[in-house]
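Protein chains in written order, with our numbering: chain A, 1 to 304; chain B, 305 to 608; chain C, 609 to 912.
We put the CB at the ideal spot given by N, CA and C, even for glycine.
Every value quoted in this text rests on a predicted model; they were computed, and no experiment measured them.
See below for the structure under consideration.
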Amino acid sequence: MIRSLILKVAKLKFQVRNLFAPLILLLLSGLILFSCSQPQPLIILMTDFGEKDFYIGAIKGAIYKVNPNARIDYISNYISKFNVEEGAYTLLKSAVEYPAGTIFVVVVDPGVGTKRKPIAVKTNDGKIYIGPDNGIFSLVIEKFGLAAIFEISNPDVMQKDKMSSTFHGRDIFGPAGAHLSRGVPIEQLGGVLADYVRFDSEKARIVDGKVVGKIVVVDDYGNVISNIQKSLFEELAWSLGGPLKVKVGSREFSVEFVKAYGDVPTGGYLGLFGSGEVFEVAINQGNLSKALNLKSGERIEISK
Amino acid sequence: MIRSLILKVAKLKFQVRNLFAPLILLLLSGLILFSCSQPQPLIILMTDFGEKDFYIGAIKGAIYKVNPNARIDYISNYISKFNVEEGAYTLLKSAVEYPAGTIFVVVVDPGVGTKRKPIAVKTNDGKIYIGPDNGIFSLVIEKFGLAAIFEISNPDVMQKDKMSSTFHGRDIFGPAGAHLSRGVPIEQLGGVLADYVRFDSEKARIVDGKVVGKIVVVDDYGNVISNIQKSLFEELAWSLGGPLKVKVGSREFSVEFVKAYGDVPTGGYLGLFGSGEVFEVAINQGNLSKALNLKSGERIEISK
Amino acid sequence: MIRSLILKVAKLKFQVRNLFAPLILLLLSGLILFSCSQPQPLIILMTDFGEKDFYIGAIKGAIYKVNPNARIDYISNYISKFNVEEGAYTLLKSAVEYPAGTIFVVVVDPGVGTKRKPIAVKTNDGKIYIGPDNGIFSLVIEKFGLAAIFEISNPDVMQKDKMSSTFHGRDIFGPAGAHLSRGVPIEQLGGVLADYVRFDSEKARIVDGKVVGKIVVVDDYGNVISNIQKSLFEELAWSLGGPLKVKVGSREFSVEFVKAYGDVPTGGYLGLFGSGEVFEVAINQGNLSKALNLKSGERIEISK
């Protein structure tokens, strides 16, 4: 009896111990698989730096120094210099595509070193935007909804030893983004802000049966992109197919209202609601902006 | 006897159980090591978008949205706009370097939104090319051999909710590439195609003892790169060292036939078989294209 | 007695075996966690290739072919063509930001295919620089200290089958960097070199109470960046706030000596010690280089 009892106890111990190993095993494996399959959050740059200087190299280095595993990519380093409104538009149209958790580091920053604040913005779709408080985030906040804004003031998330007055991309925005990508909670960047700078952007509207808007950007093809939404066309019951008259300052021309650039012959003038979901005018396989010297910021008028 | 039998059975059970843990262990470890060491296949972009707009930002976002672990890099976003032939050449000379399994997403797409098909091409060296069926893949197919072509028609691999007629890079090509990178078999993109669009590219040839070809591309240094293969020089028994006469339209000049740019003095005219394995003419540390106004597409004649 | 002895031995065996599994477990887990958390070393490109051609696509492909897990990023592909001194400056100001272990592949290489040597440089801060021995690494070696230089001569780390005389970025530098990133020791690239090429760069200095230097680079904003260090200003006891006179050739102008671009009104002329820690002159939100036609390489004189 006693011997068999000892035996039973031994077997029980054995079972407990033998269960222990697989349990740790499963836990560890789960942990490892999880940490392996969890991608680093993306850090996405957008700047007006151009790419000939050391600036984008330095900002990326400053990120990798904080998080050697960082996954960095970029939208553009060729935002027109100091053009916050163009930057806000380009950011909006790109950011919408990225997965939740993406951290955008945005440096179009004419006020660097002055009183404008470095901020981190969280939107309701779970993305984070880091950059200067100069209006550059107006459009993404308007579109995706504001969750919270923080002023970046914690020296531990900056390059405090070499802080410059001219390159906060390298010294504040990049490092702050890198710390977030390592799991630092956004609340640790600094205090909550109640408000943020926005720029006054006149909306396009209908005036005397014409649609009046603004050229927001001329793209690299020379396509001329306005701030005119489809709803204004719908209000006027304008539908695909007919010609439209376009007036920009003293330049007047006619475009075919179509769906795709290739819907008119090569060299033909056209207007369409493009991938940015706003009205643009273009020459099929040509450069309209150069042909007629159309510039961003100009007033544009569309009529039947 | 009975007791010792029980003991033996207990020990046997123990051994079986005790083997169980290490076995799972090894399997799981193998699995984890495998999944950790297996890199994500590369997704390599080539476009004529330029980099000032939201376009490359959006296409990359559309890829990351489908596969947050995607590894994206690029060949160029500065293919001359709508220049399918230049794009085909640049793709050929880059793609050859990449490992099997690489997925190229190529957007030089003047016909976007018209009837040209979105396709995925598999070549015999195990690489995949995604883009418009407009001839852009002619040269890689010719060089590496065609395994299969599929029309991309499965809405599940597209951004079906926001499909535009102007930006299939974002709405079809990028997402399709991202799905492939997650392991979706290429057969699931759509039906097999029997043929593909190719462009007629006249080969360089020998005419009256001269080599006659075409300028395929002017590179960023101003070097003038032709479609002339070494075999034509060999046929004429032209060897390194002597001067050669070059004629492009009304411009005639002489070059030294050498191996390296630095084989002539700074400012000297030279011709060589460059890294693209075709004949090019250049000025050492100068810009030949600007100096003589030579353009891609022009006829070029070489003689002794 | 014998039976209980057998039992004890069985239990002992059991304990030993049962310890075995967790031990392997811990070792393997450690190994896996280590290999998962150890990032691939970064391979950082800097070239004067521009981005319109197949060149950066090919160099990256040549790296990925050797190491499909490679993590490649870049400082700039727009160093002024053949401008080794500008490249050395841009490299210095970027490289300082990167973590130890980073491998820089640098191709500003007017002498490609001639006798200039391909080299790999290790600096005392644990970074590696690969490129031509033409002076491009002078400034990082001076700043971070030389650990060792190797001539790259081992054909196993090159693309020996397709070695060109015109594109060592693709055929030597890229592959060599890729092999290092896979753990090949730098000693295996080739023999140790005793010295390296450096360029003579006149230091800025004080002459008759004026600071005399050189324009090292004009950045993408048109800011004019000199080689003048802060110490020279300190020697002359020049402090923030006053106006300074600037003379470049026949052009003379006055700047406000400030901390940030925004410290003068938009369009105002200013001088500051910028993020590169050297003196630069600029127009707030303007392009000084264009306004006064100032070029890199010109002599610049600053006085009170």
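- Within chain B, the residues placing a beta-carbon under 7 Å from that of Asp219(A) are Asp357, ordered along the chain.
- Exclusion of the five residues before and after Asp109(A) leaves Pro132 as the residues of its chain whose Cβ lies within less than 6 Å of its Cβ.
- Annotation for Ser607(B): the continuous beta strand (DSSP E) segment containing it runs 603 to 607.
- Cβ-Cβ distances below 6 Å link Phe657(C) to Tyr663, Ile664, Asn685 in the same chain, with the five nearest sequence neighbours on each side left out; the list follows chain order.
- With its beta carbon less than 8 Å from one in chain B, Pro718(C) belongs to the interface.
- Only residues of its own chain outside the window of five on either side were considered, and among them Gly709, Thr710, Ile711, Ser789 have a CB closer than 7 Å to the CB of Pro649(C), listed in chain order.
- For Gly575(B), the enclosing beta strand (DSSP E) covers residues 573 to 577.
- Contact between the segment 214 to 224 of chain A and the segment 280 to 299 of chain A is established, with three or more Cβ pairs separated by less than 8 Å.
- In this structure, the straight-line span from the alpha carbon of Ile283(A) to that of Ile383(B) is close to 19 Å.
- Contact residues of the segment 541 to 568 of chain B toward chain C are Val562, Lys563, Ala564, Tyr565, Gly566, Asp567 (C-beta to C-beta distance below 9 Å).
- Note: Ala424(B) is bridge-paired with Ile434(B), Phe454(B) in the DSSP secondary-structure output.
- Counting only runs of 3 or more residues that sit fully inside the segment 216 to 273 of chain A, the beta strand (DSSP E) segments are 224 to 229, 243 to 248, 251 to 257, 269 to 273, in chain order.
- Sequence-ordered contacts of the segment 66 to 79 of chain A with chain C read Pro68, Asn69, Ile72 [C-beta pairs closer than 8 Å].
- Checking the DSSP bridge columns, you'll see Ala890(C) partnered with Leu878(C).
- Closest by C-alpha distance to Asp125(A), out of Leu92(A), Asp156(A), Val107(A), is Leu92(A).
- Residue range 375 to 380 is occupied by the beta strand (DSSP E) that includes Ser380(B).
- The beta-bridge partner set that DSSP reports for Met654(C) consists of Ser684(C), Val714(C).
- Per the C-alpha coordinates, the member of Ser607(B), Ala362(B), Tyr368(B), Glu401(B) positioned closest to Thr90(A) is Ala362(B).
- Around Leu576(B), the beta-carbon contacts reaching into chain C at under 8 Å are Ser773, Thr774.
- In this structure, Leu840(C) keeps its C-beta atom at 8 Å or more from the C-beta atom of Val866(C).
- At least one beta carbon of chain C lies nearer than 8 Å to the beta carbon of Leu346(B).
- For Ile510(B), the enclosing beta strand (DSSP E) has its first and last residue at 509 to 511.
- Here Ile510(B) is exposed: its Cβ has fewer than 16 other Cβ atoms, across all protein chains shown, within 10 Å.
- Across the structure, Ile172(A) and Val550(B) are spaced so that their CA atoms are roughly 55 Å apart.
- The C-beta of Ser457(B) comes no closer than 8 Å to any C-beta of chain C.
- Residues of the segment 692 to 709 of chain C with a Cβ closer than 8 Å to any Cβ of chain B: none.
- Nearest CB-CB separation between Gln285(A) and chain B: below the 8 Å threshold.
- Excluding its 5 nearest sequence neighbours in each direction, Ser702(C) has C-beta neighbours in its own chain below 6 Å: Ile683, listed in chain order.
- The continuous alpha helix (DSSP H) containing Ala703(C) extends over residues 692 to 703.
- Between Gly721(C) and Thr774(C), the C-beta gap is smaller than 8 Å, which places the two residues in contact.
- Chain-order list of chain A residues neighbouring Ala366(B): Glu97, by C-beta distance under 7 Å.
- Nearest CB-CB separation between Gly354(B) and chain A: below the 8 Å threshold.
- In the three-state scheme derived from DSSP, where H, G and I count as helix and E and B as strand, Lys356(B) is classed as coil.
- The beta carbon of Phe690(C) sits closer than 8 Å to some beta carbon of chain B.
- Between the alpha carbons of Asn83(A) and Val248(A) lies a distance of about 21 Å.
- Here Thr655(C) is buried: its Cβ has 16 or more other Cβ atoms, across all protein chains shown, within 10 Å.
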